[in-house]
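K.L.:
Residue numbers (the working numbering), protein chains in the order written: chain F, 1 to 458; chain B, 1001 to 1458.
Structure incoming, see below.
2 protein chains.
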Amino acid sequence: MGAPGQMHMVNSYDPASDAEVGRRASALIERRQRVLGAPYRLFYRQPVEVASGDGALLFDPDGVDYLDAYNNVPAVGHANPRVRAAVDEQLGRVNTHTRYLSDQIVDYSERLVSLFPDYLEQVVYTCSGSEAVDLALRIARHVTGATGVVITSNAYHGTTQASAAISPSLGPNNVLPEHVVTVPAPDPLRDPSDDGASAALFAQRVEDAITRLERRGVRFSALIVDSVLSSDGLVTHPQEVLRPAVEVARRRGGLYIADEVQPGFGRLGSAWWGFLRHSVEPDLVVLGKPMGNGLPISAVVGRREHMDAFGRDVRYFNTFGGTPVSIAAATAVLDEIEDRELLQNAATVGGVLMNGLSELARHDRRLGQVRGEGLFLAVEFVRSRSQPVAAPDPGLANQVVNGLRAKRVLVSASGRHENVLKIRPPLVFESRHADRLLTALSEVLSETPDDDLVTTTP
Amino acid sequence: MGAPGQMHMVNSYDPASDAEVGRRASALIERRQRVLGAPYRLFYRQPVEVASGDGALLFDPDGVDYLDAYNNVPAVGHANPRVRAAVDEQLGRVNTHTRYLSDQIVDYSERLVSLFPDYLEQVVYTCSGSEAVDLALRIARHVTGATGVVITSNAYHGTTQASAAISPSLGPNNVLPEHVVTVPAPDPLRDPSDDGASAALFAQRVEDAITRLERRGVRFSALIVDSVLSSDGLVTHPQEVLRPAVEVARRRGGLYIADEVQPGFGRLGSAWWGFLRHSVEPDLVVLGKPMGNGLPISAVVGRREHMDAFGRDVRYFNTFGGTPVSIAAATAVLDEIEDRELLQNAATVGGVLMNGLSELARHDRRLGQVRGEGLFLAVEFVRSRSQPVAAPDPGLANQVVNGLRAKRVLVSASGRHENVLKIRPPLVFESRHADRLLTALSEVLSETPDDDLVTTTP
């Protein structure tokens, strides 16, 4: 702990850079720096000031619009009127907690668990994805009597002490404790191209990791994986890549926790939850981000016997978890997803994006791979001359992210090598938005010289 | 972990009891039990169904009113119109996160830190008190390079893994890890009656606890104390009881973390923060519950050098922490506290309550002590015949809590012996509310026979 040196973050504003930010922004950044300080990073070489939003658009104080192709929290759209009305109505009534009776939380909970396989019958509410992950780990510990956790090597699961301890993507100063072991995530660009082989390789790594834990004297409690491996660079295919690994986890006496904070609530278009694509049965499912469209609500869904064992022995109460206002927002989110058929929209518009990105990749070798599902897409940038070994190009990813920002299209980068463009817009993203994104990306790419070609040309 | 047996919770509904709950409530409880399960306890022998609220009142679905003398979250009143309007306006605009520029969070942060001593200059936002405590512990760890934490023996600091690990009030199955040691809280009813001696005794216990940690090979990182020791039974006097202990903590190389989740934001009437009454200088201050009047927002306030060291080395981002909507609610809360002079109100109405309770205690030996400050008051119930040793009477506390509930006045009990009546209403509590509470309490006491007298009468 306390290792020296500035911690690196992909796509963050550098106050020491000479980027033009304008007088107003500059004064605000200075005040912000004084009172919020080092923990608060801004996105982009030139930060974006956000004053309002509407659907998939954000607006700065001058009314200039930005296309939001990044934010997964406002899944049913910025400033969604239905969420707003539901919250307002409930705030005008009352906003207490779960130790008084109220039918709204029961109605919502029944509706929520009905979206899961039958054996997942109960839900506990928390405020953030971090709190939900933290609670899932506590439940797994309680049920198994063990502490060992297996994660992927660039996982992100949260910011509480327990969830940060399983989040190596937070950087090298975030030293993992002894009860945590990492395994490389499947790498669709570099793994064996045969699907079964990739899944088998991942399962073997999990098997070895559990053995490694046991050699340390740590018993195995849980395998936790983001169902689309978002921070590992987005791995949506092969589709059942997690299945053999989950079988290993169960055989070795641990639980499987599906982190659905990012893929959940229909983002993938094909299903409500990412784990369904893998034909696996998680013991615990963690929900978050889009659940309340920005109102802080998250949850753990699980088996009755696990929830009962935990709730019987451990006192758990979360003051803000499942309050009437959060539940009102969450209810409006489900209404919007269902009534506006947003899973279908994610599949359709995601398809438009996927086609357009693939078309770009066909003509530009720097786009090493385009992958994804629904409205969660990734473009992996590589050095164009480095084939067949796909050398990651984080510099290009960074240039593209900031180039798109200059054209008022918001995305970011991620992945172990920080070379993966992350496209993850609100679920109300439309085909015309997809076209705008594709046009801007095409322009940025043509304006950005290919270093490999430049340097090899005499 | 996994110890058998139902975990005990003071003042919880027992589904196996024969209490009359009515057909509607009964059906709802059954559905609730199925989908929310064991982690979800209800208050009171007869649970209360809450449909709406207004100021210090709650209403059931039939419009029957309950006086809320328990809830500290809706500090500026249930269904507060100003908070509602602020949230609605912001939800109609936008609700993103802290990686875009926005002036609201900077304005609010400057205003918030101005309520603290000058050396506390920076703030980091989280969603719940638990998350804020968890973060404060992470910062303390980072700054000191040590892990040992000293807490009071019935402390409650939260529900994440790290904050539950310093919350012995969660019960015997919540086994504390090796880096945590407890010290008995000052006990105003049983400690030496000399103020200086009580503070010195507490400081000595902290000193010994740090030594105990070091003997285990654990270096000392932080002393964390709720500034009014809420879950230890509410200790508001002697006023500077924490000062010598804080000096010890600092001399031994640790930080002092003031947990202001309960006393903060003016509840004590005398000051914005409980630690100010102790003339101590915390290194980190944890805020929560009333901060957004029910919108999930909490924070850690601290010294620039600590925040900088943490933020520089550790990547910290909280998706829902400090979102525009949370900040809008928190801003409205400060407006309400200031414009309606709620600190003054807490002092005045708290005084009315204190006088009335003291008057009751003068005529009833079962009220062993009345204590508190502002709108945070405690009545400690003891066996009337057990003087001078004040034997706690949790049974009576439980009878009074449920007796008051039957008279539609909501309070609860707490403390190491569960014999302390906890009176902690919204800050908009008025003198007429105080009168209603005092009348109901007087009636309940006269209707509840004194066991000691009954059993000793032939």
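The C-beta atom is built at its ideal place from N, Cα and C for all residues, glycine as well.
What you are looking at is a predicted structure, and each value in this text was computed from that prediction instead of being measured.
Of all Cβ atoms in chain B, is any one closer than 8 Å to the Cβ of Val-35/F?
P.N.:
Cβ-Cβ to chain B under 8 Å: yes for Val-35/F.
K.L.:
Taking Cβ positions only, does Thr-1323/B come closer than 8 Å to chain F?
P.N.:
Cβ-Cβ to chain F under 8 Å: yes for Thr-1323/B.
K.L.:
Kindly provide the ranges of any alpha helix (DSSP H) runs that are 4 or more residues long and lie completely inside the stretch 1325-1388 of chain B, ordered along the chain.
P.N.:
You should have 1342-1363.
K.L.:
So is Leu-1357/B buried or exposed if we call it buried at 16+ other beta carbons inside 10 Å?
P.N.:
Leu-1357/B comes out buried.
K.L.:
Checking 8 Å against the spacing of the C-beta atoms, do Leu-57/F and Tyr-13/F come in under that value?
P.N.:
Cβ atoms of Leu-57/F and Tyr-13/F: not closer than 8 Å.
K.L.:
Rounded to the nearest angstrom, what separates Val-1175/B and Asp-1226/B at their Cα positions?
P.N.:
One C-alpha to the other measures close to 20 Å.
K.L.:
Exposed or buried, Leu-84/F, counting other C-beta atoms within 10 Å across all chains shown (16 or more means buried)?
P.N.:
Residue identity check: residue 84/F is Arg in the sequence provided, not Leu. Buried is the call here.
K.L.:
Using the beta-carbon of each residue, which ones in chain F are nearer than 9 Å to Val-1124/B?
P.N.:
Near Val-1124/B (Cβ distances below 9 Å), the residues of chain F are Leu-36, Gly-37, Pro-39, Tyr-40.
K.L.:
Once the 5 residues before and after Leu-137/F are set aside, which same chain residues still bring their CB inside 6 Å of it?
P.N.:
These residues qualify, in order along the chain: Ala-162.
K.L.:
Just to make sure I have the definition right: I need the residues of chain F whose C-beta is within less than 7 Å of the C-beta of His-1078/B. Which are they?
P.N.:
In chain order: Val-94.
K.L.:
Taking all protein chains shown into account, decide if Gly-254/F is buried (16 or more other Cβ within 10 angstroms of its Cβ) or exposed.
P.N.:
That one is buried.
K.L.:
What does the Cβ neighbour count give for Phe-202/F, buried or exposed, with the cut at 16 atoms within 10 Å?
P.N.:
Buried, because 16 or more other Cβ atoms sit within 10 Å of the Cβ of Phe-202/F.
K.L.:
Quick check: the stretch 1242-1256 of chain B against the stretch 1270-1281 of chain B, are there 3 or more CB pairs under 8 Å?
P.N.:
The stretch 1242-1256 of chain B is in contact with the stretch 1270-1281 of chain B.
K.L.:
Relative to the C-alpha of Leu-1427/B, which residue among Gly-1269/B, Ile-1257/B, Ser-1384/B is closest?
P.N.:
Looking at the Cα atoms, Gly-1269/B is the closest of the given residues.
K.L.:
So which residues of chain F does Asp-1232/B contact, with C-beta pairs closer than 8 Å?
P.N.:
Those within 8 Å of Asp-1232/B in chain F number zero; the least Cβ separation is about 16 Å.
K.L.:
Can you tell me which of the three DSSP states Tyr-13/F falls into?
P.N.:
Note: Tyr-13/F maps to coil in three-state DSSP.
K.L.:
Which whole runs of the alpha helix (DSSP H) in the stretch 1098-1135 of chain B are 4 residues long or more, in chain order?
P.N.:
Runs found: 1103-1113.
K.L.:
I'd like the span of the beta strand (DSSP E) that includes Ser-431/F, first residue to last.
P.N.:
Where Ser-431/F is concerned, there is no enclosing beta strand (DSSP E), although the alpha helix (DSSP H) it sits in stretches over 431-447.
K.L.:
Give the secondary structure of Thr-323/F by DSSP, where H, G and I count as helix, E and B as strand, and everything else as coil.
P.N.:
Note: Thr-323/F maps to coil in three-state DSSP.
K.L.:
Tell me which residues of the stretch 1148-1165 of chain B have at least one Cβ-Cβ distance to chain F shorter than 7 Å, keeping chain order.
P.N.:
Under the 7 Å Cβ criterion, the stretch 1148-1165 of chain B contributes Thr-1159, Thr-1160, Gln-1161, Ala-1162.
K.L.:
Would you check if there are 3 or more beta carbon pairs closer than 8 Å linking the stretch 143-161 of chain F to the stretch 1060-1073 of chain B?
P.N.:
No: fewer than three Cβ pairs fall under 8 Å.
K.L.:
Enumerate, from N- to C-terminal direction, the unbroken alpha helix (DSSP H) stretches of 4 or more residues contained entirely within the stretch 188-222 of chain F.
P.N.:
For the stretch 188-222 of chain F, whole alpha helix (DSSP H) runs of length 4 or above, ordered along the chain, are 195-215.
K.L.:
Go through its chain and collect everything with a Cβ distance to Ala-1051/B's Cβ below 7 Å, but skip five positions before and after it.
P.N.:
So the list reads Phe-1059, Asp-1060, Pro-1061, once near-sequence residues are dropped.
K.L.:
Where do the ends of the alpha helix (DSSP H) carrying Leu-427/F lie?
P.N.:
Leu-427/F -> no alpha helix (DSSP H), and no H or E assigned at all.
K.L.:
When you compare only the Cα positions, how much space is there between Trp-1272/B and Gly-1264/B?
P.N.:
About 6 Å.
K.L.:
Are the CB atoms of Ser-1026/B and Gly-1129/B within a distance shorter than 8 Å?
P.N.:
Not in contact: Gly-1129/B and Ser-1026/B (Cβ atoms no closer than 8 Å).
K.L.:
With a CB to CB cut of under 6 Å and the five nearest residues on each side skipped, what residues in its chain are close to Val-1124/B?
P.N.:
Closer than 6 Å at Cβ, skipping near neighbours: Val-1300.
K.L.:
Give the secondary structure of His-1078/B by DSSP, where H, G and I count as helix, E and B as strand, and everything else as coil.
P.N.:
Looking at His-1078/B - three-state DSSP - the assignment turns out to be strand.
K.L.:
Can you tell me the Cα-Cα spacing of Gly-5/F and His-1142/B, whole angstroms?
P.N.:
Confidence at Gly-5/F is low in this model, with a pLDDT of 45, below 50, so its placement is unreliable and the value that follows should be read with caution. Going by the C-alpha atoms only, they are around 14 Å apart.
K.L.:
State yes or no: is the beta carbon of Glu-49/F nearer than 8 Å to at least one beta carbon in chain B?
P.N.:
Yes, Glu-49/F counts as interfacial toward chain B.
K.L.:
Indicate the three-state DSSP secondary structure (helix, strand or coil) for Val-1409/B in the structure shown.
P.N.:
Strand.
K.L.:
I believe Thr-1152/B touches Thr-1182/B by the beta-carbon criterion, under 8 Å. Please report the beta-carbon distance rounded to the nearest angstrom.
P.N.:
Yes, Thr-1152/B and Thr-1182/B are in contact; Cβ-Cβ is about 7 Å, under 8 Å.
K.L.:
Examine the Cβ distances between the stretch 335-343 of chain F and the stretch 410-419 of chain F and report whether three or more of them are shorter than 8 Å.
P.N.:
Because the criterion of three Cβ pairs below 8 Å is not met, the stretch 335-343 of chain F and the stretch 410-419 of chain F do not touch.
K.L.:
Closer than 8 Å is the cut-off here; do at least three beta carbon pairs connect the stretch 1306-1323 of chain B with the stretch 1412-1421 of chain B?
P.N.:
Result no; under three Cβ-Cβ pairs closer than 8 Å.
K.L.:
Spatial neighbours of Ala-1079/B within its chain, please: CB distance less than 6 Å, with the 5 preceding and 5 following residues excluded, ordered by chain position.
P.N.:
Same-chain partners within the cutoff: Gly-1053, Asp-1054.
K.L.:
In this structure, how does DSSP classify Asp-1065/B when only helix, strand and coil are distinguished?
P.N.:
Three-state result, Asp-1065/B: strand.
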